[in-house]
Amino acid sequence: MVRMSSADQRCSLSAEDQNFLLGLARESIRFGLKRGKPIPVDLDVLPAELKVKRATFVTLHKDAALRGCIGCLEAARPLAEDIAANAYAAAFQDPRFPPVAADEVASLEIHLSLLTPAEPMSFRSEADLLRQLEPGRDGLILQEGHRRGTFLPAVWETLREPREFLRHLKLKAGLPVDYWSDTLKVSRYRTEMIPEAEGVHG
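Take 568 as the starting number for the sequence shown in this note's numbering and just add one per residue.
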């Protein structure tokens with residue numbers, strides 16, 4: 568089961584809306600198996616909170632191992648649509664994994680992360696940047712030219728030291744671990760997590 572960690576803030580949505588989004592994510596995966604695309608979302612019947620544009624990530628686990636993770640860093644779609652699209656993409660378009668098969672859907676654990684808007688950080692050096700990081704809370708976006716990578720706050724569970732967190736994020740962005748330049752850009756964000764209740768799979 569995906570556990571709530573110190574990296575994630577309690578979600579501000581109602582329990583009903585959270586359960587709806589979790590169900591929507593799983594239904595989008597089932598729909599994708601049959602139709603090859605995310606499930607359509609009828610925004611007209613949804614509450615206002617689910618129509619606000621939000622950036623989200625959908626993470627899938629199977630047998631406690633990562634099975635897919637896809638998301639957006641910028642809020643470009645209504646929340647419900649973003650969850651449906653990212654759930655489909657996490658199941659079928661994550662290049663690290665084969666597409667989810669029909670017999671896997673019931674055993675998937677779904678974790679939804681709702682991102683706050685990213686805020687640029689100001690720093691004079693790598694040491695200054697490391698001092699500002701808040702382990703267990705910060706999600707980071709690192710960018711140098713066309714290279715970009717992000718780690719959700721949950722990554723602090725496995726990379727607990729700021730220096731290691733940053734080094735691995737550089738690698739993810741396609742940069743050497745010891746890379747540094749005055750043009751390096753870093754932004755941070757937080758996440759609200761919607762976890763599946765233990766034992767609740769569809």
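We treat Cβ as the ideally placed atom computed from N, Cα and C, and that holds for glycine.
Y655 to P720 span [Cα, whole Å]: 22 Å
Run through the DSSP bridge pairs and tell me what A632 is partnered with. K629
K752, enclosing alpha helix (DSSP H) - first and last residue: Where K752 is concerned, there is no enclosing alpha helix (DSSP H), although the beta strand (DSSP E) it sits in stretches over K752 to Y756.
Who are I708's beta bridge partners in DSSP? T717 and S754
Could you spell out where the alpha helix (DSSP H) holding L682 opens and where it closes? Taken as a continuous stretch (DSSP letters only), L682 belongs to no alpha helix (DSSP H), being part of the beta strand (DSSP E) at E676 to L682.
Suppose you measure from the CA of E701 to the CA of L600; what does that come to, to the nearest Å? 40 Å
Return the chain-ordered list of same chain residues with a C-beta closer than 6 Å to the C-beta of F598, the five sequence neighbours on each side being excluded. I606
Based on DSSP bridge pairs, tell me the residues matched to F624. G638 and S680
Measure the C-alpha to C-alpha separation of S581 and G741 and round it to an integer number of angstroms. 39 Å
Look at the alpha carbon of A694 and the alpha carbon of E616, and state the distance between them as a whole number of angstroms. 40 Å
With distances taken from CA atoms, which of N586, S579, T626 and L751 is nearest R691? L751
Quick one: Cα of L640 to Cα of Q710, how far? 13 Å
Under the three-state DSSP convention, the category E731 falls into: helix
Which of the three DSSP states is assigned to E701 in this structure? coil
Between the Cα of S754 and those of R730, R715, R727 and E728, spot the shortest distance and give me the residue it belongs to. R715
Rounded to whole angstroms, what is the Cα-Cα separation between L646 and S680? 11 Å
Where do the ends of the alpha helix (DSSP H) carrying F664 lie? Per DSSP, F664 belongs to no alpha helix (DSSP H) and is neither H nor E.
Which residue comes first and which comes last in the alpha helix (DSSP H) that contains S595? A582 to R602
7 Å CB neighbourhood of D584 in its chain, flanking five on each side removed: P614, E616 and L617
Which residues share a DSSP beta bridge with P770? Past the edges of the chain, shown from 568 to 769, lies residue 770, and the structure says nothing about it.
Please work out which residues of its chain come closer than 6 Å, Cβ to Cβ, to D661, disregarding the five sequence neighbours upstream and downstream, and give them in chain order. G635 and I637
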